[in-house]
Amino acid sequence: MPTLPIRTYGDPVLTNETTNVDEIDSRIAALAQVMIETMIDAPGVGLAANQVGVQKRLFVYDKGDGPKVIINPVIVETSGEWVYEEGCLSVPGLSWEIVRPNAVHLRGVGLDGQAIDIEAEEYEARIFQHEVDHLDGVLLVERLTDDQRRDAKRLLRRRRLSLAPGDPDGLRQLLGD
Ligand code: ZN
9 MPTLPIRTYG DPVLTNETTN VDEIDSRIAA LAQVMIETMI DAPGVGLAAN
59 QVGVQKRLFV YDKGDGPKVI INPVIVETSG EWVYEEGCLS VPGLSWEIVR
109 PNAVHLRGVG LDGQAIDIEA EEYEARIFQH EVDHLDGVLL VERLTDDQRR
159 DAKRLLRRRR LSLAPGDPDG LRQLLGD
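Counting the sequence shown from 1 gives a position; this note's numbering is that position plus 8.
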């Protein structure tokens, strides 16, 4: 199956907001399929459309029970707090323990046009928050604490020449260097 190249930090497509899908047609279905193949191939547990260069509001994910597609997702409620080590296909080779809400209520639409309404917690909720962030143009480096940000900058300075793929200067900018 075909896959698409995954965009990495420094690519402006990752920091622009996406637009809602107006009509779920065969093009959206084909996009979702190639996104699933790309996620499996990476491998990853979630992938947002702008990570493959498409400014549309949809993501695919697989929390371990098969790939699913969520179109026009919105998090309508969050609660609690949970720490989890989070990485990102668009920030290859780096991960951080990030604090986010433990539980989320996600609404969206499936490929079949049916409404999706999921109350998720822990791992699944974390995937949803990470992917909705992507669709809002937010990368996980913006969720770091001041200390993590300082450490990341130091690490990037050390690894500047060896960190690949991606654009270390682009990430340094995001970190506020
Ligand atoms: Zn990501």
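Yeah, the Cβ is synthetic: ideal placement off N, Cα and C, and Gly gets one too.
Quick caveat: nothing in here was measured; it's all calculated off a predicted structure.
Rounded to the nearest angstrom, the gap between the Cα atoms of Glu132 and Ala38 is 24 Å. Its Cα nearest to that of Ile48, the residue Val68 stands out among Ile36, Val68, Asp154, Leu22. In this chain, the alpha helix (DSSP H) harbouring Glu139 covers 130-143.
Per the coordinates, the alpha-carbon of Pro81 lies some 7 Å from the alpha-carbon of Leu66.
Nearest in C-alpha terms to Tyr17, of all of Asp30, Leu102, Gly121, is Leu102. The three-state reading of DSSP puts Asp49 in helix, counting H, G and I together.
Separation of Leu114 and Glu94 (C-alpha to C-alpha, rounded to the nearest whole angstrom) is 20 Å. With contacts defined as CB atoms closer than 7 Å, Ile135 and Val53 qualify as a contacting pair. C-alpha of Pro100 to C-alpha of Arg158: approximately 18 Å in a straight line.
Secondary-structure assignment with DSSP links Thr27 through a beta bridge to Lys64.
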